[in-house]
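> Residue numbers (the numbering used here), protein chains in the order written: chain B, 2 to 307; chain X, 59 to 595. Cβ coordinates follow ideal geometry from the N, Cα and C atoms, glycine included. This structure is a prediction, so every number in the text was calculated from the model and none was measured. One structure coming up, written as structure tokens, with questions to follow.
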């Protein structure tokens, strides 16, 4: 187990190194000059060159990348080019809101998605199944902006049940979390359905049925734990997506998550922030997957970690 | 020229008493209350040497003061931290007499040393100020560094002398820019790189709270040196709010001012409701939207082609795309800018004539080119309208729909034959005609990486511009504006741009907001002059 963990952690570090290299390289070759963004439209060529030099952006790619990694190894993510604030501070200030929304969104995704998937699998081929699968297709392809605004308009503006955007109380969390829950539930529903159908076909389920177990017991006790495995792996990926930020939902609900920070940084070529957010969300994906793999043996004892 | 000689012969001693140019706030205004304002984008910094965004521009104006200021709601200069100033007869020396007893938010009295420190700081390359270039006329600017500017001297604690290396008629405007705000050295030293998050100035408000990415709260500076202002006890800025949602919250009574204005998609709906339309405030803006034609890229090196494009664009139709929230432009300067040429009709919309001009240039069959545009609404739609207009005279323009930074890069590098400026269009830094020339139409801006995307460079016009900006004597103001008007007419003759429209600003306020409309569309304290607005209840 310890050896497995060590090996996986080493792999994770390599993956993150790869991600950092690719992102840094793409930002380097991108036809947009961060120095121009800092210097502004009225800058003289001397000012521009001077800023480029101060930030070390006149150095070759290898030197810039080595410097970035060197600082990163010491826990220094650098300072934002435009805000001049520590990137770590900017990301940390966004973290609570991001984690909260992530937890809320995954809760609703699972609640809706798993219910839909299980029901569809049990009613496979019937009208209920078809309606649910069409619904799941609609939710995954629905435009975020429209769904967010629609829910906001109906439940906050018209009915007044929730605040019109913002952050702070549980009531603020409900609408954005439900929005994301609805939008993401389709993936879970489809995956849960196919996984459940596979399991329900398995011999041991037939055995359980032959033993005369109740249907509820078969589904919940025998089928579900096995069927849910691939779904857990998906949560790991989902965590990464949420850590990268959900720009549209965040901006409609005025939710101070990482997405807004990343989006504005991308617009203005603020490389330290873009790198920071990319690495944090990549680390979350890697970690999420690792945790999903570590949990798997507890749910299915057949799985051994090697 | 004769007039110039006679007027410089007299000594210019302008000791303007502060009261002479003062502004009477709304007599009905009452102190107290708090308002809520929303912005879509986060506030990057409140360091006056760095801040250059839509949302922080007027915030910085309310936290700090400079030597000069503007009469609220207008483009007329008035003294700020300077009580009076004198200009030497050669126009090279400005002596500012400072107001006594002005205190920073930390309680210390502001002196001439602080003004010198602030100007040294903004021009020091280590500060990386995007506004450093504005101070280019100050003697010693080229050698600015840790040693400070040699042209800025402290005469006594309340007197500052600034020596210029060349006469600069815009210098008092420069002293009113946010970049010239006075900051206390000890606060900057204490905060280090984080000064932008811990601002200390002499302004009407102080920063009371800043929750990163969420909200900022300004509180009234009870010791503010201008008597009677500000009126509000506090202002809450909520950031990260979608303009459409901000409007819904305004309609629900939760927000007083939507900082980003009325979203285009909601404009017709708001105007159709008399109750809401009554609270809409409209104002001119020192802005021009234009198409740049790269004069170094064939066939735009031919004057006939540039004129033909000018005649092909249906500006009326383009203004309709943005719900008529703009007026068609005839020239680079917007109508509310001093120096605007009244009565000049610009190039007519005449596709037939345009086609004839193309034929004259030997391009009767048209040609293919690229039109760069920023990828946020409504710009791609405007680009499509331009594309159609060009197609009507035989020009095939392929649209390059890119992020802002990429368009700016292509413009600076000179690789874009045509650019629609929307989303990056020039908004004046200060209300003076010179601000629309140097960086965007002059030779200096045509250098690689510059903002002159036409790469238009006419030495004769540049010389005229320099001559105009040497007319520092206020008595020559009218003559100077005439000179600038001539410069822009010269630009139009060569047609490096298609001036398309001047955007009007439309914003909205809640029922309880008081103060004249001009404060909500202030041409200088963009978007709102927080110092003079008030609430009714």
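Just to check my reading of the structure: residue 566(X) and residue 338(X) have Cβ atoms closer than 8 Å, yes? What is that Cβ distance to the nearest angstrom?
5 Å
> Return the bridge partner residues of residue 455(X) from the DSSP annotation.
427(X)
> CA-CA distance, residue 216(X) and residue 108(X)?
So the two alpha carbons sit approximately 26 Å from each other.
> Using the three-state DSSP reduction, which class does residue 362(X) fall into: helix, strand or coil?
helix
> What three-state label does DSSP hand residue 70(X) in the structure shown?
At residue 70(X), the pLDDT of 43 sits below 50, so the modelled position is not reliable; the number obtained from the coordinates is stated separately. For residue 70(X), the secondary structure class from DSSP, reduced to helix, strand or coil, is coil.
> Let me know if residue 310(X) comes out buried or exposed under the rule of 16 or more other beta-carbons within 10 Å of its beta-carbon.
With a threshold of 16 other beta carbon atoms within 10 Å, residue 310(X) falls short and is exposed.
> Look at residue 545(X) and residue 513(X) and say whether their C-beta atoms are less than 7 Å apart.
Cβ distance not < 7 Å, so residue 545(X) and residue 513(X) don't count as in contact.
> When you compare the CB of residue 24(B) with every CB in chain X, is at least one pair closer than 7 Å?
No, no contact with chain X.
> Taking only runs of the beta strand (DSSP E) that begin and end inside the stretch 214-272 of chain X, which ones reach a length of at least 3 residues, in chain order?
Correct list: 217-221 and 263-269.
> Specify the secondary structure class of residue 559(X) as computed by DSSP and reduced to three states.
strand
> Please state the DSSP three-state secondary structure of residue 509(X).
coil
> Which residues bound the alpha helix (DSSP H) around residue 446(X)?
437-449
> I'd like to know whether the C-beta of residue 120(B) is nearer than 7 Å to at least one C-beta of chain X.
no
> For residue 316(B) and residue 174(B), what's the separation of their Cα atoms in angstroms?
A question about residue 316(B) goes unanswered here, because the residues of chain B that appear run from 2 up to 307.
> Short of 6 Å in beta carbon distance, which residues of its chain neighbour residue 418(X), apart from the five on each side in sequence? Order them along the chain.
362
> With H, G and I counted as helix, E and B as strand and the rest as coil, what does DSSP make of residue 264(B)?
helix
> Just checking: is the beta-carbon of residue 377(X) within a distance shorter than 7 Å of some beta-carbon in chain B?
Not an interface residue.
> Could you list the residues in the stretch 20-48 of chain B with a C-beta less than 9 Å from some C-beta on chain X, going in chain order?
31, 32, 33, 34, 35, 36, 37, 38, 39, 40, 41, 42, 43, 44, 45, 46, 47 and 48
> Is the beta carbon of residue 258(B) closer than 7 Å to that of residue 1(B)?
Any property of residue 1(B) remains undetermined from this structure, which presents chain B solely from 2 to 307.
> For residue 149(B), count the other beta carbons within 10 Å of its own beta carbon; 16 or more makes it buried, fewer makes it exposed. Which is it?
buried
> Which residues in the same chain as residue 314(X) place their Cβ atom closer than 8 Å to its Cβ, once the five residues preceding and following it in sequence are excluded?
93, 94, 95, 308, 567, 568, 570, 571 and 593
> Along the stretch 48-78 of chain B, what residues have a CB closer than 8 Å to any CB found in chain X?
48, 49, 51, 52 and 55
> Taking Cβ positions, are residue 480(X) and residue 437(X) nearer each other than 7 Å?
yes
> Using 7 Å as the limit for Cβ to Cβ distance, is residue 155(B) near chain X?
no
> Going by DSSP, which residues form a beta bridge with residue 127(X)?
In DSSP, residue 127(X) forms a bridge with 136(X).
> Compare the C-beta of residue 486(X) against all C-beta atoms of chain B and say whether one is closer than 7 Å.
no
> Where DSSP assigns a beta bridge to residue 386(X), which residues make up the other side?
559(X)
> Count the CB pairs spanning the stretch 522-531 of chain X and the stretch 41-56 of chain B that are closer than 8 Å, and state whether there are at least three.
no
> Evaluate contact between the stretch 164-172 of chain X and the stretch 191-200 of chain X, counting only Cβ atoms and requiring at least three cross-stretch pairs below 8 Å.
no
> Counting only runs of 4+ residues fully inside the stretch 264-341 of chain X, write out the alpha helix (DSSP H) ranges in chain order.
The stretch 264-341 of chain X contains these whole alpha helix (DSSP H) runs: 301-309, 322-330 and 332-335.
> Indicate the three-state DSSP secondary structure (helix, strand or coil) for residue 6(B) in the structure shown.
helix
> Look at the Cβ atom of residue 394(X), then the Cβ atom of residue 342(X), and state whether they are nearer than 7 Å.
yes
> Tell me whether the beta-carbon of residue 639(X) lies closer than 7 Å to the beta-carbon of residue 240(X).
One cannot answer for residue 639(X) here, as it falls past the ends of chain X, which runs 59 to 595.
> Give me the Cα-Cα distance between residue 411(X) and residue 465(X), rounded to the nearest whole angstrom.
31 Å
> Assuming residue 142(B) and residue 191(B) make a contact with CB atoms under 8 Å, what is their CB distance in whole Å?
So it is not a contact: roughly 12 Å between Cβ atoms.
> Sort 543(X), 548(X), 276(X) and 125(X) by Cα distance to residue 141(X) and report the nearest one.
125(X)
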